[in-house]
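Data first, discussion second: the structure below is written as structure tokens.
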Amino acid sequence: LDINRRNLTEFGNMALVDASDSEDEADGKKRIKLAGTKHSDMAERSAKPEIRVQHINFSPTGLSFAVCSTEGVCVFSRDNRLIFDPYELNVEVTPKGIKQKLAQAEYSHALVMALRLNDAQLIEQCVLATPLAQVDVVTRSLAIIYAEKLLQWLSNGKNTLAQCHIQLWQLWLKSILLEHAQQIKLNRSANLASLTAIQQLISNHSNLVSKL
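Just so we're on the same page, this note's numbering is the position in the sequence shown counted from 1, plus 11.
Have a look at this one:
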């Protein structure tokens, strides 16, 4: 709101005072709502929506809590390293459901569910549980959106796979790039950060091996 200092008086900003007798005044900034009133003109275009909270649940550590409201599920945490960013969730995508798929040897389905839940530990569990002979089969069955999410997870040097299972990490990386190289190249701008991080990880591993 632009304030003209010439309109400022001892009674406040006179530009906000409606001095007109007309009820059809188009200047919305001159409308002053009474204190404590909840209802206003329904023809007004600007309105502040009300948010209703149905349930609040705290984590066992007390460092985070989840709120179920009319705006959706919101997770608040003091740990900024943990990011809950699920993708296309439904009632079947749960940690229990992922473990059941692994027990049934449905590795592709389990990995897709873990990627949809976007849980780093569950993704790692699916990757480690997949037999080496099934790695190419699993990566070939992934849609490009999930292949890119898996590539992003592999680019994170903090996961155990990149630190303790270097050969397995390289095997998954090679399989993804061979199966989805064309689509990843077409969407280069979105995958540039992941590819750069992977290149840095490979360089770090190479330097460590050369020092042995």
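Even glycine gets a Cβ: it sits at the ideal position worked out from N, Cα and C.
Specify the secondary structure class of residue i as computed by DSSP and reduced to three states.
| i | result |
| --- | --- |
| Asn18 | helix |
| Ser80 | strand |
| Ser200 | helix |
| Ser88 | strand |
| Val123 | helix |
| Ser221 | helix |
| Ser166 | coil |
Measure the beta-carbon distance from residue i to residue j and round it to whole angstroms, keeping in mind my assumption that it falls under 8 angstroms.
| i | j | result |
| --- | --- | --- |
| Thr141 | Tyr118 | 4 angstroms |
| Phe76 | Ile67 | 6 angstroms |
| Leu182 | Leu143 | 7 angstroms |
| Val123 | Leu153 | 7 angstroms |
What first and last residue would you give for the beta strand (DSSP E) that runs through residue i?
| i | result |
| --- | --- |
| Gln145 | Here Gln145 belongs to no beta strand (DSSP E), and DSSP marks it neither H nor E. |
| Gln65 | Val64 to Phe69 |
Rounding to the nearest angstrom, what Cα-Cα distance links residue i and residue j in this structure?
| i | j | result |
| --- | --- | --- |
| Ala204 | Val86 | 26 angstroms |
| Gln65 | Pro106 | 24 angstroms |
| Leu179 | Glu135 | 11 angstroms |
| Asp147 | Thr81 | 42 angstroms |
| Gly39 | Leu19 | At Gly39 the pLDDT is 49, less than 50, meaning the model places this residue with poor confidence and gives no usable figure here. |
| Ser221 | Leu74 | 42 angstroms |
| Asn129 | Leu219 | 30 angstroms |
The alpha helix (DSSP H) spanning residue i covers which residue range?
| i | result |
| --- | --- |
| His191 | Ile177 to Leu197 |
| Gly108 | Pro106 to Ala114 |
| Val138 | Ala131 to Ala140 |
Chain C beta carbons: is any one of them nearer than 8 angstroms to that of residue i?
| i | result |
| --- | --- |
| Arg151 | Given the protein chain composition of this structure (a single chain), no chain C is represented. |
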